[in-house]
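K.L.:
Residue numbers (the working numbering), protein chains in the order written: chain A, 1 to 257; chain B, 1001 to 1248.
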Amino acid sequence: MFVKFILLLGRTGTTHLRRLGRSGIFLVESLSCLVFPPIKWGRIVKRIQFIGWQSTGLICLTGAFTGMVLSLQGYNTLKRVGSEALLGPLVALSLIRELGPVLAALLVTGRAGSALTAEIAIMRNNEQIDAMELMGLNPLRYLVLPTMVAGVISLTLLTWIFDVVGILGGYLIGVKLLALPAGTYFGEISRYLEMDDIVGGIYKSLSFGLIMAWICCYKGYFTGLGAEGASKATTQAVVTSSVFILIWDFFVTSVVF
Amino acid sequence: MIRIENLQKKLAGRDVLRNVTLHVEKGQFVALIGRSGSGKSVLLKHIAGLMAPDAGRIMLDGQNLCAARGKKLETIRRRYGFVFQSGALFDSMTVYDNLAFPLREKTSLGEQEIRKKITQGLEQVELGGVESKYPSQLSGGMVKRTALARALVMDPEIIFFDEPTTGLDPIIADSMLRLFDACRKRLNLTGIIVSHRIPQIFSVSQKVAMLHDGEIIAALCENGSIKTDNQILRQFVEGTVEGPVVYQ
Ligand SMILES: Nc1ncnc2c1ncn2[C@@H]1O[C@H](COP(=O)(O)OP(=O)(O)O)[C@@H](O)[C@H]1O
Ligand SMILES: [Mg+2]
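1) Starting from the N-terminal side, write out each stretch of the beta strand (DSSP E) that is 3 residues or longer and does not extend beyond the segment 124 to 173 of chain A.
2) What does N126/A touch in chain B if you count any residue whose Cβ is under 9 Å from its own?
3) Is the Cβ-Cβ distance between A104/A and F65/A less than 8 Å?
4) Starting from Y1080/B, follow the beta strand (DSSP E) in both directions and report where the run begins and ends.
5) With a Cβ-Cβ cutoff of 8 Å, do S1203/B and E1163/B count as a contact?
6) Which residues, taken in chain order from the segment 1093 to 1117 of chain B, show a beta carbon closer than 9 Å to some beta carbon of chain A?
7) Any beta carbon from chain B within less than 8 Å of L116/A's own beta carbon?
8) Please list the partners that A1048/B has in chain A, where partner means a Cβ-to-Cβ separation under 7 Å.
9) Under 8 Å between C-beta atoms, does D130/A make it to chain B?
10) As a quick exercise: from F222/A, A233/A and I211/A, pick the residue whose alpha carbon is nearest that of E242/A.
11) Can you find the residues in the same chain that come closer than 7 Å, C-beta to C-beta, to D1091/B, ignoring five residues on each side of it along the sequence?
12) For ligand 1, I want to know if V152/A counts as a neighbour, meaning its beta carbon is within less than 7 Å of at least one of the ligand's heavy atoms.
13) In the DSSP assignment, what residue or residues form a beta bridge with C1221/B?
14) Are the C-beta of L137/A and some C-beta of chain B separated by less than 8 Å?
15) Kindly indicate which three-state DSSP category V3/A falls into: helix, strand or coil?
16) Closest to P37/A by C-alpha separation, out of R141/A, D196/A and V165/A, would be which residue?
17) Check whether the Cβ atoms of I1158/B and G1191/B sit closer than 8 Å, and answer yes or no.
18) Closer than 9 Å by beta-carbon distance: list the chain A residues that pair up with Y1080/B, in chain order.
19) Using CA coordinates, which residue listed in I1217/B, T1240/B, V1024/B and L1050/B is at the minimum distance from D1229/B?
20) Please list the residues of the segment 1049 to 1077 of chain B that have a C-beta atom closer than 7 Å to any C-beta atom in chain A, keeping them in chain order.
21) Which partner residues does D1015/B have in the DSSP bridge list?
22) Just to confirm, is the Cβ distance from I1232/B to H1212/B under 8 Å?
23) Going by the beta-carbon positions, is the gap between L258/A and G74/A smaller than 8 Å?
24) What whole-angstrom Cβ distance do V1208/B and C1221/B have, given they're in contact under 8 Å?
25) Please list, in chain order, all residues of the same chain as I120/A whose beta carbon is under 7 Å from its beta carbon, the five residues on each side excluded.
26) Can you tell me where the beta strand (DSSP E) holding T1146/B begins and where it ends?
27) DSSP three-state call for F26/A: helix, strand or coil?
28) Start and end of the alpha helix (DSSP H) containing V1237/B?
29) Can the beta-carbon of I1114/B be found closer than 8 Å to that of L1103/B?
30) If contact is defined by three or more beta carbon pairs under 8 Å, each pair taking one atom from either stretch, is the segment 106 to 117 of chain A in contact with the segment 38 to 58 of chain A?
31) When we look at the beta-carbon of Y1080/B and count the other beta-carbons within 10 Å, is it buried (16 or more) or exposed?
32) Here's the rule: buried if 16 or more other CB atoms are within 10 angstroms of the residue's CB, otherwise exposed. What is F1084/B?
33) At which residue ranges does the segment 1022 to 1054 of chain B contain complete alpha helix (DSSP H) runs of 4 or more residues, listed in the order of the chain?
34) With a cut-off of 8 Å, do at least 3 Cβ pairs link the segment 1147 to 1155 of chain B to the segment 1179 to 1191 of chain B?
35) Could you have a look at K40/A and say whether DSSP puts it in helix, strand or coil?
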């Protein structure tokens, strides 16, 4: 019984270790296509259009409401300690340091990441990836790398949009609804916001973009057979990306900030 | 030309290929048959270098294909034309771009020459006016024709055709076979075709190889019929229930 348990533990361990190794190799091989040209700019632009441009509506909407609710909650809390004036920095710092990168990453994973996995998994199961390989065209260069580059660029830009729209949403509630002076809201933001906060936020969104694109491409690339395999891969991609993003977020926050 | 020797492959815990030996001579066409799930596609993928065998080897003109990597494998693959079972057309591209993709990326031809080549290629497979259509808008037969045109556009010497006639009505299936035979003769191709159009398939191939239980049973074809004493092959070709093998 005990031996069985140890065996099971060992087997699960090696399976996961192997999978981790394989995904690591996948990442390194894909990124090495960056070093050796040609880089397929046209495909990167198309991917940015899909991951980035088509997500802007969603990001604006959710960003606005996140900023608004932050403002509402923050105002009520700050009022109790008599420092409503600090509403601006509260909203801005929460968004820029934490909520912007994380929420944007999770939303983009749900909207674009799942579609990317499904698309690549279907290409795998329809033998399109094999066909590409047979033509002497490396699928990592033509399919995966453009997605990774686009993921990093798109998510960084989307996070900025999320932050800006969120701060404006906070302004709407704080200034227009709760009658805080507009000068106070923006003035205090510029007094308390530091370059480090912005740079840290950018680090986060860059790495989140890579994690999302990496895991979603990997899961699609090594999908199981048939429609069932593809749907499993999609679910796993979204769940694994989201979990990894949150774990990595904690790690970065504790080390970088 | 192609010598497959004692190939073995286990997939998902099952011995799909147990001991496959098959020789294809230059200019020869081999009809590969066998029940669905017997590993025909898996065998073709090994020859294409898309899957690695557990044991055994595949020699192409004296070169061990299973040991080839990188540039060497790419040179070997340049001689291939592969038509996948599903067609494997890129569904984000039009028919024209599907054919143009390998030409643009792998040759130095100008757009003018590419256009000429593609027009010719599509005429060759008797397809017209579909250049700007997407694969999802094509019928089954048109997908297979486009896939054949894409495989031929790079001027291969050896062609693999995985189930070109499956899922098509008998008329179109036979016209596919005839088209295929014409291309083969005109371009002097060597190849393997997976098809269950029996007996029509025997008149376009010189050899029949049946994949049964992970092994190959081979026989020569002459004048549209096969010459064999093997009872298993006979039974499969004649499609009878009684015989040495009990099919469930
Ligand atoms: N990539 C794979 N992973 C695991 N099993 C596979 C894979 N490809 C094919 N198989 C299995 O190998 C067997 C043979 O498949 P295939 O070669 O497609 O048969 P067919 O003769 O109909 O072309 C099937 O049982 C299939 O499930
Ligand atoms: Mg098959």
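Just so you know, even glycine gets a beta-carbon here, dropped at the ideal spot from N, CA and C.
P.N.:
If we stick to the structure as given:
1) Under the rule that a run must span 3 or more residues, no beta strand (DSSP E) segment is found entirely inside the segment 124 to 173 of chain A.
2) The residue you call residue 126/A lines up with position 126 of the first sequence. Simply F1084, S1086, G1087, A1088, L1089 and D1091.
3) Here residue 104/A refers to the residue found at position 104 of the first sequence. Here residue 65/A refers to the residue found at position 65 of the first sequence. Taking a C-beta distance under 8 Å as the contact criterion, A104/A and F65/A do not qualify as a contact pair.
4) In the second sequence, the residue the question calls residue 1080/B occupies position 80. Residues Y1080 to V1083.
5) What you label residue 1203/B is simply residue 203 of the second sequence in a count that begins at 1. What you label residue 1163/B is simply residue 163 of the second sequence in a count that begins at 1. Result no, Cβ atoms of S1203/B and E1163/B do not sit closer than 8 Å.
6) Under the 9 Å Cβ criterion, the segment 1093 to 1117 of chain B contributes F1101, P1102, E1105 and K1106.
7) As a working note, residue 116/A is residue 116 in the first sequence. Interface annotation, L116/A: not in contact with chain B, CB-CB separation never under 8 Å.
8) The count along the second sequence starts at 1 and reaches residue 1048/B at position 48. Residues of chain A passing the Cβ test: L134.
9) On the first sequence, position 130 is the one that residue 130/A refers to. Yes, contact with chain B.
10) Here residue 242/A is taken as the residue at index 242 of the first sequence, counted from 1. Inspection of the sequence shows that residue 242/A is occupied by Ser rather than by Glu. The candidate whose alpha carbon is nearest that of S242/A is I211/A.
11) Numbered from 1 along the second sequence, position 91 holds the residue referred to as residue 1091/B. In the same chain as D1091/B, and ignoring 5 residues on each side of it, the C-beta atoms closer than 7 Å to its own belong to Y1134, P1135 and S1136, in chain order.
12) Along the first sequence, read from residue 1 onward, the residue named residue 152/A stands at position 152. Taking 7 Å as the cut-off, the C-beta of V152/A does not count as close to any heavy atom of ligand 1.
13) In the second sequence, residue 1221/B corresponds to position 221, counting from 1. The partner list for C1221/B (beta bridge, DSSP) reads I1226/B.
14) Working through the first sequence from its first residue, we reach residue 137/A at position 137. Residue contact with chain B for L137/A: present (Cβ-Cβ distance below 8 Å to some residue of chain B).
15) Sequence index remark: in the first sequence, residue 3/A carries index 3 (1-based). If DSSP states are grouped into helix, strand and coil, V3/A belongs with the helices.
16) Counting from 1 along the first sequence, the entry for residue 37/A is found at position 37. A check of alpha carbon separations from P37/A across R141/A, D196/A and V165/A identifies R141/A as the nearest.
17) One-based indexing of the second sequence puts residue 1158/B at position 158. One-based indexing of the second sequence puts residue 1191/B at position 191. Contact: yes.
18) What you label residue 1080/B is simply residue 80 of the second sequence in a count that begins at 1. Those within 9 Å of Y1080/B in chain A are L134.
19) Here the question's residue 1229/B lines up with position 229 in the second sequence. For the set I1217/B, T1240/B, V1024/B and L1050/B, the Cα lying nearest the Cα of D1229/B is the one of I1217/B.
20) Those residues of the segment 1049 to 1077 of chain B placed with their C-beta closer than 7 Å to a C-beta in chain A are L1050, E1074 and R1077, ordered along the chain.
21) Residue 1015/B sits at position 15 when you count from the first residue of the second sequence. K1010/B, per the DSSP bridge assignment.
22) Position 232 of the second sequence, counting from 1, holds the residue named residue 1232/B. Position 212 of the second sequence, counting from 1, holds the residue named residue 1212/B. Yes, the Cβ-Cβ distance between I1232/B and H1212/B is below 8 Å.
23) This structure does not reach residue 258/A, given that chain A is present from 1 up to 257, and the question cannot be answered.
24) As a working mapping, residue 1208/B is identified with position 208 in the second sequence. As a working mapping, residue 1221/B is identified with position 221 in the second sequence. Correct: roughly 6 Å between the Cβ atoms.
25) Locating residue 120/A in the first sequence gives position 120, counting from the first residue. Excluding sequence neighbours, I120/A sits near L143, C217, G220 and Y221.
26) Within the second sequence, numbered from 1, the residue matching residue 1146/B stands at position 146. In the DSSP assignment, T1146/B falls outside any beta strand (DSSP E) and lies within the alpha helix (DSSP H) extending over G1140 to L1152.
27) Walking along the first sequence from the start, residue 26/A turns up at place 26. Reduced to three states, the DSSP call for F26/A is helix.
28) Indexing the second sequence from 1 puts residue 1237/B at position 237. Run containing V1237/B: Q1231 to E1238, per the alpha helix (DSSP H) assignment.
29) As a working note, residue 1114/B is residue 114 in the second sequence. As a working note, residue 1103/B is residue 103 in the second sequence. In this structure, L1103/B lies closer than 8 Å to I1114/B by Cβ.
30) Contact between the segment 38 to 58 of chain A and the segment 106 to 117 of chain A is present, because at least three Cβ pairs lie under 8 Å.
31) Position 80 of the second sequence, counting from 1, holds the residue named residue 1080/B. With 16 or more other Cβ atoms within 10 Å, it is buried.
32) Looking up residue 1084/B in the second sequence gives position 84. Around the C-beta of F1084/B, 16 or more other C-beta atoms lie within 10 Å, and the residue is accordingly described as buried.
33) Given a length threshold of 4 residues, each whole run of the alpha helix (DSSP H) inside the segment 1022 to 1054 of chain B is given here in chain order: 1040 to 1047.
34) With the cut-off at 8 Å, the segment 1147 to 1155 of chain B and the segment 1179 to 1191 of chain B touch.
35) One-based indexing of the first sequence puts residue 40/A at position 40. K40/A sits in coil when the DSSP states are folded into three classes, being neither helix nor strand.
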